[in-house]
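Numbering (the working numbering), first residue to last: 2 to 159.
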């Protein structure tokens, strides 16, 4: 399989979620299944079926996280010399040339992306337009409303 880029923070968040699923949620589900079994007939036991369904969802998420972590290429930009070039993991401040609106994004992996926190996926149109460019460059990025021109104000390796 191909390696998937991930920041150090993103990998830590996945590891914490995995730990919670394995050592907190999984035992609670097992207890719920055991107590539901004691109620009798399993064919008409809603608690049992709900607990088994929750167990399936939990186990699927555990496998998903383990797969992502095994294929992760963890990139720590703080250990890379800042050349002013936009790469995966950098924090980029851009200025919309038409509206003078400034926004700051951090380019992260697909699983870490959260536009509300200004974390954009490396595969998003904005990130693809910025990757490889340098501080001070002007960039035209295709948006649903057409091409929007931005100027890269700053690139931080934090």
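Every residue gets a Cβ at the ideal spot worked out from N, C-alpha and C, and that includes glycine.
Backbone CA spacing between residue i and residue j [nearest angstrom]
i           : j           : result
residue 127 : residue 142 : 6 Å
residue 1   : residue 151 : Look at the range of the chain in this structure, 2 to 159, and you will see that residue 1 is not part of it.
residue 32  : residue 44  : 19 Å
residue 12  : residue 97  : 32 Å
residue 76  : residue 122 : 14 Å
residue 137 : residue 85  : 9 Å
For residue i, the three-state DSSP class (helix, strand or coil)
i           : result
residue 51  : helix
residue 132 : coil
residue 138 : coil
residue 101 : coil
residue 114 : coil
residue 79  : helix
residue 88  : coil
Cβ-Cβ separation, residue j to residue i (assumed contact under 8 Å), whole Å
i           : j          : result
residue 56  : residue 30 : 5 Å
residue 158 : residue 79 : 6 Å
residue 7   : residue 51 : Not quite, the Cβ-Cβ distance comes to about 33 Å (not below 8 Å), so this is no contact.
residue 22  : residue 63 : 5 Å
Bounding residues of the beta strand (DSSP E) (the contiguous stretch that carries residue i)
i           : result
residue 150 : 147-157
residue 43  : Per DSSP, residue 43 belongs to no beta strand (DSSP E) and is neither H nor E.
residue 74  : 73-76
residue 122 : 120-122
Range covered by the alpha helix (DSSP H) that runs through residue i
i          : result
residue 10 : 9-21
residue 32 : 27-38
Below-8 Å beta-carbon distance, residue i vs any chain B residue
i          : result
residue 94 : The displayed structure is made up of one protein chain only, and chain B is not part of it.
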